[in-house]
Structures are given as structure tokens and as C-alpha cells.
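Numbering (the numbering used here), first residue to last: 5 to 402. Backbone N, C-alpha and C fix where the C-beta goes; we use that ideal spot for every residue, glycine too.
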Amino acid sequence: MSDRELPSIDELDVAGKRVLVRCDLNVPLDDGAITDDLRIRAALPTLEALLERGARLAVCSHLGRPKGQVKDEFRLTPVAERLSELLDRKVTAVRDVVGDEAREACASDDEVVLLENLRFEPGEEANDPGFTDALSSLADVYVNDAFGASHRAHASIVGPPERLPSAAGRLLVNEVTTLERLLVKPDHPYVAVLGGVKVSDKLDVIGNLLDRVDTLCIGGAMAFTLLVAQGKDVGRSLVEEDRVEDVKGMLEEAVAKGIDIHLPTDVVAAEEPTEDAIHETVPLAQIGNRMGVDIGPETTGDFAKTILGARTVLWNGPMGIFEIPDYSAGTKGVASAIAEATAEGAFTVAGGGDSAAALARFEMTDAVSHLSTGGGASLELLEGKQLPGITALRQASK
Ligand code: ADP
Ligand code: MG
């Protein structure tokens, strides 16, 4: 594995230097207020380790999708406030990314400078060399700790490693080594519990897991496309008709590999996918002209039993529309089983933005061995892809 190891911040000379730290501080905002600060808290270990060793920081991140324009609602101001509270230090938040304010602040003695939203600059997503030069020239050293953005070949992710001494931050190293444990020599029995909206988002992950897992438990809306592929009636549930053939192929491959596939046998059937819709729990065969909005208790119990017998569990995607309390029991039941398995020594990983939100809602974020901060990035890693940000760091260290 040694040639795959990431360059560590422990080997970087940072004392008295300005360190450009690419973080993923893309937190959910509601009317300017941060609704979940997981990503800011996850960035602290690296920032604190660098400060302790006498570095001055130029922290940078994207937030939302301002598409290369300055938009006030995407300013990092709320992030700066929260970061300052959590670090218990002054944070100098500048109003530009690579302009005069940013340059002056980075040249000053200020210990923590936060650059403005990287995506205010069109050069960020375009990976423009001129923008990368300007960004790199703000600092002496570069650290990538933005796991959640490392699947993007954007300027701040792939550019600085070609120009500055570079390393991977603690969060990035932790995410990569933990997620790789799901692919390389996992303990068995190994169960993947998958859900969420689209089977098309997750077919590549399933494909890469077929050589590794013993059991797949599939719920959420994506289960209905699998059920249709098996010839079942799913009423008006969400189905990706154009994926039914792909799914049939996947199911055949899974059967050939001896993988146990568990699908919903009962569901919460609702007239509409809304809070006030008439709904009841029924066996799948009685769904009629309704939509499945959660897995039923029989299915939840079956998934829970499977999870409790596992040594490794990967969970990605909610089992139902968990945002609506009446349709959240399946997701909560699965989360509780994973928490119990973790307490009994299983290695458990949850990934996906909405799965993380579900755990936060149930106040169970600490109940898994690892909660990934990167939705798309963790899926790509589990698909077996090389992430551009990680490749850039590995090449820089050669
Ligand atoms: P993640 O972000 O964890 O990868 P996804 O984005 O794939 O998960 O899916 C999350 C969404 O799936 C949630 O908003 C949830 O409401 C929705 N969902 C889950 N099950 C159903 C269902 N049966 N019908 C409609 N939507 C569903
Ligand atoms: Mg999602």
C-alpha cells in the first residue's frame, strides 16, 4: 500500500509559513443560518494541527453554486463566524478570493485568513491556470483537506499541488483510509444497505461492491426499480423505467456471485408523497395504485437482523422519505440497527448527504464508526474511481 500513501501534513515544513488549506466548508444554510456545521467541525483537526506548529492559514472553500459570480447569499460570512467560535480565534474573512484584500491579509501576520467563496471566480470550476497561479501565490505551502470536493478537477483541488509543497489533511487521509477499508480486505459478513432516490446514482457503486459484499439490503425509492425488474407491481412508486434492463443485468450478476439480495416485502403506501396524505402499512402485493414512501416493519426487521449479523456495514441512502416523520421509521430502524452493530464491534460506515442528515435528525451521528463528509466523493471512491484531488497529491509527492 505504501506507494498509495498520501503525503502527510506531519512531513510538511509549515512553521512561520502561510499555508493554503482547501477545506470543504460547503454547509447547508437556511436564510443565512448554518443548519448543520459537521463540515466545519470536521475541518478543525487539520487547522489546529497546523496552527500548533506555527503556521499561518489561508483557508479556502466553495459554498453552493454561485457559478462564477459574486452573489451575496453565497458569501462565507456565516462560515467565518462559526469557524472563529469553534477555533476560538480571530478569523479574518476577506471579501475577495485572490484580489487585493486577500493578498494583503495573506501577507499580514493574521493567523487565520478565510478567503471568499472560491466559486465566485469562474477560474475555479474551469481549472484556469491563471487563477491557480493567483491562488497559489497567496501561500508557501498547500494542504488539501476537502474530501467532499476532491472528485472535482477544480483549480483549488488539482492546481496548487503542481506549484507548492503539498500534503493531505487529516480529514482527507481519514476519509480515504476508512473508505478503502470497505474495498480492500473487509471483514465478513459484509452488508451494504442502500437507499435513496435513484438507482442510477448508485448502480456503479453496486457494481463495484458485487465482488466484495455478502448481502445487499435495498430500500428507498431505488428499491422499486429492482422490484419492477423482478416483475413485481409497485403501484405509482418512483421507478426509473430506463434503468430496468441495467438492473436486471446487475441482479443476474449478483445471483451468479451468490450475493443475498434483500428487498422490501412490505411498505408504507401513501396516496401522495406528502405529509398529509392518507397512508397505511401493507404487504407490497397490496400497494395498489399508491406510492411506496417507506419500507414497512417486516422489511425493517429483516434488514436489522441482517445488519446485526454483520462485521462490516456500509449504509448509503435513506429507506424512505425520512424528512416526513410518518415515513421515517424504516430509516430510523436501519440506523438503530447499525448503531447496535457498531456498539458490538462491527465496522460501520455511513455516507451520502441525506443519510448524514437523517443521522443528524435522529441524533445518531456518533453511533457509526465513520460518517463520511463527502457525498459524491465517497460514492466515486466506492465506485473504484481515482479522485482527481488525490491523484494530484500523490503525483506531487513523487
Ligand atoms: P444520499 O444523499 O444519502 O445519497 P439520496 O440523495 O440518494 O441519498 O436520496 C435521499 C432522498 O431520497 C431523500 O430526500 C428521501 O426523501 C428520498 N426517498 C427515499 N425513499 C423514497 C421513496 N420511497 N420515495 C420517494 N423519495 C424517497
Ligand atoms: Mg442526496
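Check: Cβ shell of residue 78 (< 7 Å), same chain only, five flanking positions each side left out; Outcome: 67, 68, 70 and 121
Check: Between the CA atoms of residue 287 and residue 389 - distance to the nearest angstrom; Outcome: 39 Å
Check: beta-carbon residue 324 near the ligand MG non-hydrogen atom, thresh 7 Å; Outcome: no
Check: Best match in 332, 316, 311 and 12 for proximity to residue 299 [C-alpha to C-alpha]; Outcome: 332
Check: Lining residues of the ligand MG - beta-carbon closer than 7 Å to any non-hydrogen atom, in sequence order; Outcome: 200, 356, 357, 358 and 379
Check: Straight-line gap, residue 127 to residue 158 (C-alpha atoms, nearest Å); Outcome: 8 Å
Check: Where the beta strand (DSSP E) through residue 61 begins and ends; Outcome: 60 to 64
Check: Same chain only: Cβ atoms within 7 Å of residue 345, ignoring 5 sequence neighbours per side; Outcome: 311, 312, 314, 317 and 352
Check: Contact test: residue 235 Cβ vs the ligand ADP heavy atom, cutoff 7 Å; Outcome: no
Check: Residue 325 to residue 303 span [Cα, whole Å]; Outcome: 16 Å
Check: Simplified DSSP assignment, three categories, for residue 151; Outcome: helix
Check: Residue 357: first and last residue of the uninterrupted alpha helix (DSSP H) it sits in; Outcome: 357 to 365
Check: Residue 125: first and last residue of the uninterrupted alpha helix (DSSP H) it sits in; Outcome: Residue 125 -> no alpha helix (DSSP H), and no H or E assigned at all.
Check: Straight-line gap, residue 301 to residue 205 (C-alpha atoms, nearest Å); Outcome: 26 Å
Check: Helix, strand or coil at residue 86 [DSSP, three-state]; Outcome: helix
Check: DSSP state of residue 291 mapped onto helix, strand, coil; Outcome: coil
Check: Contacts around residue 168, its chain only, beta-carbon distance under 8 Å, and the 5 residues preceding and following it disregarded; Outcome: 24, 140, 143, 144, 145 and 146
Check: Residue 261, buried or exposed, once every other Cβ within 10 Å from all chains shown has been counted against 16; Outcome: exposed
Check: Buried or exposed (CB count within 10 angstroms, at least 16 for buried), residue 282; Outcome: exposed
Check: Selection from 342, 41 and 175 that minimises the alpha carbon distance to residue 195; Outcome: 342
Check: Run of the alpha helix (DSSP H) containing residue 19, from where it starts to where it stops; Outcome: Per DSSP, residue 19 belongs to no alpha helix (DSSP H) and is neither H nor E.
Check: Cβ pair count under 8 Å reaching 3, the segment 210 to 222 against the segment 273 to 281; Outcome: no
Check: N-terminal and C-terminal residue of the alpha helix (DSSP H) that residue 140 is part of; Outcome: 133 to 140
Check: Beta-carbon proximity of residue 183 to residue 340, cut-off 8 Å; Outcome: no
Check: Beta-carbon contacts of residue 421 that lie in its chain and below 8 Å, excluding the five residues immediately before and after; Outcome: Nothing can be reported for residue 421, as the shown portion of the chain is limited to 5 through 402.
Check: Distance cut-off 7 Å: residue 296 Cβ against heavy atoms of the ligand ADP; Outcome: yes
Check: Check: residue 202 C-beta below 7 Å from any heavy atom of the ligand ADP; Outcome: yes
Check: Where residue 44 falls: helix, strand or coil (DSSP); Outcome: helix
Check: Check: residue 224 C-beta below 7 Å from any heavy atom of the ligand ADP; Outcome: yes
Check: Cβ contact check for the segment 236 to 249 and the segment 214 to 221: 3 or more pairs under 8 Å; Outcome: no
Check: Outcome for residue 400 when other beta-carbon atoms lying within 10 angstroms are tallied against a minimum of 16; Outcome: buried
Check: Proximity below 8 Å, CB of residue 96 to CB of residue 83; Outcome: no
Check: Beta-carbon proximity of residue 38 to residue 86, cut-off 8 Å; Outcome: yes
Check: When 48, 19 and 40 are compared against residue 26, the one with the closest alpha-carbon; Outcome: 48
Check: Environment of residue 170 [buried if 16+ CB atoms lie within 10 Å]; Outcome: buried
Check: Residue interval of the alpha helix (DSSP H) (run including residue 203); Outcome: 203 to 213
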